[in-house]
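Peer 1: Residue 415 is where the sequence shown starts when you use this note's numbering, and the numbers rise one by one after that. My questions will all concern the structure given below.
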Amino acid sequence: MKVKLVEAEDKNLYEQVADRIRALIAEGTLKPGDRLPSVRKLHEQLSVSISTVLEAYRLLEDQGLIGARPQSGYFVKRTLFTVPDEPRQSVFFKPIEPVDVSLAFWITNAMRDPDRIRLGAAVPGLELLPIATLNRLMGQIIRSQSEIVHSYQLPRGCEALRHEVAKRLMEAGCSVTPDQVIITNGTTEAISLSLRAVTKPGDTIAIESPTYYGFLEILESLHLKALELPTHPKDGISLEHLETALQKRQIAACALVSNFSNPLGSCMGDLKKKQLVGLLNQYHIPLVEDDLYGDLHFEGSRPKAIKAFDTEGWVLYCASCSKTLSPGLRVGWCVAGRYQVQVERLKMGMNFMTSVAPQLTVAAFLANGGYDRHLRQMRRALQSQLTCMTQTICEVFPTETKLSRPTGGFVLWLELPDEFDAMTLYEDALEHNISIAPGIMFSPSGNYQNCLRLNGGTPWSEKIYQAIQTLGYLTKQQLAKKRV
Ligand SMILES: Cc1ncc(COP(=O)(O)O)c(C=O)c1O
């Protein structure tokens, strides 16, 4: 059967062929040790030239995914899935800390410098986003609704978008009406408004450890304190420790990323989500749920939101289209349960409403822009990118490195021996024009100095391969110096 390569027109043909093979490896269709189709066979199947296939195979060879054997052709490398151990559950259950994350602010600025190879910021490559379609839809909207895009709407946002969001939330197991959805400027504003609705300055919030540093920025700006809960890279926070904090009346609220968290990649199972809601109901404690990675699962169906199990309205659900469609449009949403009116009023006091043209553009894309097809392609690409990054880390980092194995999203968390200092690696890497996210950004009490987060959202390339090699080399060099 002949297959035509049509996706990702912006890539060279040989890169598209390599992507296809990489996806087959990532999905497990091609297993370690399997022989790849012969060059001639692939040339016929894909209707591409022999030199294109050879170039694709060379690229995969360079990336360490396949190897050639004399007279026998190309094979998937056997070492491919000897992935290092995962980090253990974190142990921090420390005294409550006021939050000061000024260091994270400066590091974040460096992470966004476009002249660097950006392995720090958690962003999807722009190549993976449907930019052309979004731009076309926005143009149509500006022309066809030329007055509406310049008018005030309700603080809770445009009906068309709230309707589409409510429909999409069914996929996450949530049954909400458009009137229960409040449109915000990204997840960041949804989280910030939610925390303002449920706390007062000086309160303590239970968070994951390590946690998304954006939470820490918001806690600091609202003069809140943090209680770090031990967190497992597979299924998130320890409910036992949360219950202890609840029994001691230590916390006013809880804030976490439910699906494919940042930075650990953990995803809570349904049973745990249900038990968590049981605790919230029992102690009357609100939970700010950040679910902006939930659509980016690699296998099976979309994981449910904690909100799906919320029987009494204690969950304030926050998400956006920043990781799947466009971070720049700044379109997010909040379903605030029993805090709906408070959040809506806070939104009004903050900036009255979110800009209309981006809202209508996202609404149009969700309604008929092929969102599901786009997600299928994006998930495949992200999974394949993380496979390549994992494989390269296995090859070039010290053997003691522990590495997360997320089943969705696009960040990896690395834990190195205790004597390792990720801030030194961060500085060394900047000298090589590479940015990373050092572990201490993810803790209010400066933990995780031996850890780092890498972004796997950018399409795999020779440049990224080289950058990971450099990081591996710098890491080994630092450890060797310390061990002399
Ligand atoms: C867990 C998490 N929440 C929120 C955000 C910010 O989302 P938004 O751009 O929608 O404000 C990010 C961005 O990296 C994130 O990783």
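Glycine included, every Cβ here is placed at the ideal spot set by N, Cα and C.
Looking at the structure shown, is V467 part of a helix, part of a strand, or coil, going by DSSP?
Peer 2: What you label residue 467 is simply residue 53 of the sequence shown in a count that begins at 1. Correct three-state label for V467: helix.
Peer 1: Between T591 and S818, what straight-line distance do the alpha-carbon atoms span, to the nearest angstrom?
Peer 2: Taking the sequence shown and counting its residues from 1, one reaches residue 591 at position 177. Taking the sequence shown and counting its residues from 1, one reaches residue 818 at position 404. Distance between the alpha carbons of T591 and S818 is about 37 Å.
Peer 1: What's the C-alpha gap between N599 and L706?
Peer 2: Translated into the one-based positions of the sequence shown, residue 599 becomes position 185. Translated into the one-based positions of the sequence shown, residue 706 becomes position 292. Taking the straight line joining both Cα atoms gives about 13 Å.
Peer 1: Compare the Cα-Cα distances from E627 to each of T889, G860, T618, S875 and report the closest residue.
Peer 2: For the purposes of this step, residue 627 is taken as the residue at position 213 of the sequence shown. The residue asked about is misnamed: residue 627 is Tyr in this sequence, not Glu. Of the candidates T889, G860, T618, S875, the one whose C-alpha sits nearest the C-alpha of Y627 is G860.
Peer 1: What beta strand (DSSP E) runs, 3 residues minimum, are completely inside the stretch 625 to 665?
Peer 2: Counting whole runs of 3 or more residues, the stretch 625 to 665 contains the beta strand (DSSP E) stretches 639 to 646.
Peer 1: Could you pull out every residue in the same chain whose Cβ sits closer than 6 Å to the Cβ of G886, ignoring the five residues on either side in sequence?
Peer 2: Taking the first residue of the sequence shown as position 1, residue 886 is located at position 472. Only V810, F811 meet the Cβ criterion.
Peer 1: Cβ of P538 within 7 Å of any heavy atom in ligand 1?
Peer 2: In the sequence shown, residue 538 corresponds to position 124, counting from 1. Flag unset: Cβ of P538 not near ligand 1.
Peer 1: Output the distance between the C-alpha atoms of I404 and K686, rounded to the nearest integer angstrom.
Peer 2: There is simply no residue 404 to check, as the chain begins at 415 and stops at 898 in what is shown.
Peer 1: Mark Q661 as exposed unless 16 or more other C-beta atoms lie within 10 angstroms of its C-beta, in which case mark it buried.
Peer 2: Taking the sequence shown and counting its residues from 1, the one referred to as residue 661 is at position 247. So Q661 ends up on the exposed side.
Peer 1: Give every residue of the same chain whose Cβ lies closer than 8 Å to the Cβ of D448, excluding the five residues on either side of it in the sequence, and list them in chain order.
Peer 2: Position 34 of the sequence shown, counted from the first residue, corresponds to residue 448. Closer than 8 Å at the Cβ level, and outside the excluded window around D448, lie F489, V490.
Peer 1: Is the distance from the Cβ of L641 to the Cβ of A620 below 8 Å?
Peer 2: For the purposes of this step, residue 641 is taken as the residue at position 227 of the sequence shown. For the purposes of this step, residue 620 is taken as the residue at position 206 of the sequence shown. The answer is yes: Cβ separation under 8 Å.
Peer 1: Compare the Cα-Cα distances from D709 to each of H788, E622, L693, V691 and report the closest residue.
Peer 2: The sequence position of residue 709 within the sequence shown is 295, counting from 1. Selected option, being the one with the closest Cα: H788.
Peer 1: Verify whether the separation of the beta carbon atoms of A586 and C732 is less than 8 Å.
Peer 2: In the sequence shown, the residue the question calls residue 586 occupies position 172. In the sequence shown, the residue the question calls residue 732 occupies position 318. Against a cut-off of 8 Å, the Cβ pair of C732 and A586 comes out as no contact.
Peer 1: Using CA coordinates, which residue listed in Q797, L542, R434 is at the minimum distance from F674?
Peer 2: Taking the first residue of the sequence shown as 1, we reach residue 674 at position 260. Taking only the C-alpha atoms, the option nearest F674 is Q797.
Peer 1: Kindly examine ligand 1 and report whether one of its heavy atoms sits closer than 7 Å to the Cβ of N869.
Peer 2: Numbered from 1 along the sequence shown, position 455 holds the residue referred to as residue 869. Answer for N869: no, Cβ out of range of ligand 1.
Peer 1: Do V745 and Q567 count as a contact pair if the criterion is CB distance below 8 Å?
Peer 2: Walking along the sequence shown from the start, residue 567 turns up at place 153. Walking along the sequence shown from the start, residue 745 turns up at place 331. No.
Peer 1: Please classify K737: does DSSP put it in a helix, a strand, or coil?
Peer 2: The count along the sequence shown starts at 1 and reaches residue 737 at position 323. Note: K737 maps to coil in three-state DSSP.
Peer 1: Between D433 and P820, what straight-line distance do the alpha-carbon atoms span, to the nearest angstrom?
Peer 2: As a working mapping, residue 433 is identified with position 19 in the sequence shown. As a working mapping, residue 820 is identified with position 406 in the sequence shown. Cα-Cα distance, rounded: 20 Å.
Peer 1: For the pair the stretch 840 to 852 and the stretch 530 to 547, tell me if three or more CB-CB distances fall below 8 Å.
Peer 2: In short, these stretches touch, since the Cβ pair count reaches three.
Peer 1: My output table needs one value for H564: the three-state DSSP class, helix, strand or coil.
Peer 2: As a first step, residue 564 must be located in the sequence shown, where it is residue number 150. Reduced to three states, the DSSP call for H564 is helix.
Peer 1: Just the C-alpha distance for L427 and T466, rounded to the nearest angstrom, thanks.
Peer 2: Along the sequence shown, read from residue 1 onward, the residue named residue 427 stands at position 13. Along the sequence shown, read from residue 1 onward, the residue named residue 466 stands at position 52. Their Cα atoms are separated by approximately 7 Å.
Peer 1: Let me check one thing: in DSSP terms, what residues is D704 bridge-paired to?
Peer 2: Walking along the sequence shown from the start, residue 704 turns up at place 290. According to DSSP, which records beta bridges pairwise, D704 is partnered with V671, C732.
Peer 1: Sort V595, C735, E876, W874 by Cα distance to K761 and report the nearest one.
Peer 2: Residue mapping note: residue 761 aligns to position 347 of the sequence shown, counting from 1. Residue V595 is the option with its Cα nearest to K761.
Peer 1: Which residue marks the beginning of the beta strand (DSSP E) containing R483, and which one marks its end?
Peer 2: Within the sequence shown, numbered from 1, the residue matching residue 483 stands at position 69. Where R483 is concerned, the enclosing beta strand (DSSP E) stretches over 480 to 483.
Peer 1: State the Cα-Cα distance for the pair L693 and W874, rounded to the nearest angstrom.
Peer 2: Within the sequence shown, numbered from 1, the residue matching residue 693 stands at position 279. Within the sequence shown, numbered from 1, the residue matching residue 874 stands at position 460. Between L693 and W874, the C-alpha separation is close to 42 Å.
Peer 1: At a cut-off of 7 Å, would you count V729 as near ligand 3, judging by its Cβ distance to the nearest heavy atom?
Peer 2: In the structure on display, ligand 3 does not appear, and the ligands it does have are ligand 1.
Peer 1: Please report the residue range of the beta strand (DSSP E) in which A620 lies.
Peer 2: Along the sequence shown, one-based indexing puts residue 620 at 206. 618 to 623 is the extent of the beta strand (DSSP E) around A620.
Peer 1: Nearer than 7 Å: is that true of the beta carbon of L706 relative to any heavy atom of ligand 1?
Peer 2: Counting from one through the sequence shown, the residue named residue 706 turns up at place 292. Yes, ligand 1 has a heavy atom inside 7 Å of this Cβ.
Peer 1: Confirm the yes/no value for this check: CB of G628, any heavy atom of ligand 1, distance under 7 Å.
Peer 2: Along the sequence shown, one-based indexing puts residue 628 at 214. Correct: G628 has its Cβ closer than 7 Å to ligand 1.
Peer 1: Compare the C-alpha of E541 against each of M552, Y753, Q430 and name the closest.
Peer 2: Here residue 541 refers to the residue found at position 127 of the sequence shown. When only C-alpha atoms are compared, the closest one is Q430.
Peer 1: What first and last residue would you give for the alpha helix (DSSP H) that runs through T598?
Peer 2: Numbered from its first residue, the sequence shown carries residue 598 at position 184. Careful: T598 lies outside any alpha helix (DSSP H), inside the beta strand (DSSP E) at 596 to 598.
Peer 1: Round the Cβ separation of L468 and R436 to the nearest angstrom and send it over; I've been treating them as touching at under 8 Å.
Peer 2: Mapped onto the sequence shown, residue 468 falls at position 54. Mapped onto the sequence shown, residue 436 falls at position 22. Actually they are not in contact, since the Cβ atoms of L468 and R436 sit about 16 Å apart, beyond 8 Å.
Peer 1: What are the boundary residues of the alpha helix (DSSP H) that includes Y785?
Peer 2: As a first step, residue 785 must be located in the sequence shown, where it is residue number 371. Counting along the chain, the alpha helix (DSSP H) containing Y785 begins and ends at 785 to 810.
Peer 1: Helix, strand or coil: how does DSSP classify A851 here?
Peer 2: Locating residue 851 in the sequence shown gives position 437, counting from the first residue. It is a strand residue.
Peer 1: Check for me: the beta strand (DSSP E) holding W827 runs from which residue to which?
Peer 2: Looking up residue 827 in the sequence shown gives position 413. Segment 825 to 829, the beta strand (DSSP E) holding W827.
Peer 1: Answer yes if the stretch 644 to 656 comes into contact with the stretch 831 to 841, meaning at least three C-beta pairs across the two stretches below 8 Å, and no otherwise.
Peer 2: Short answer: they don't touch.
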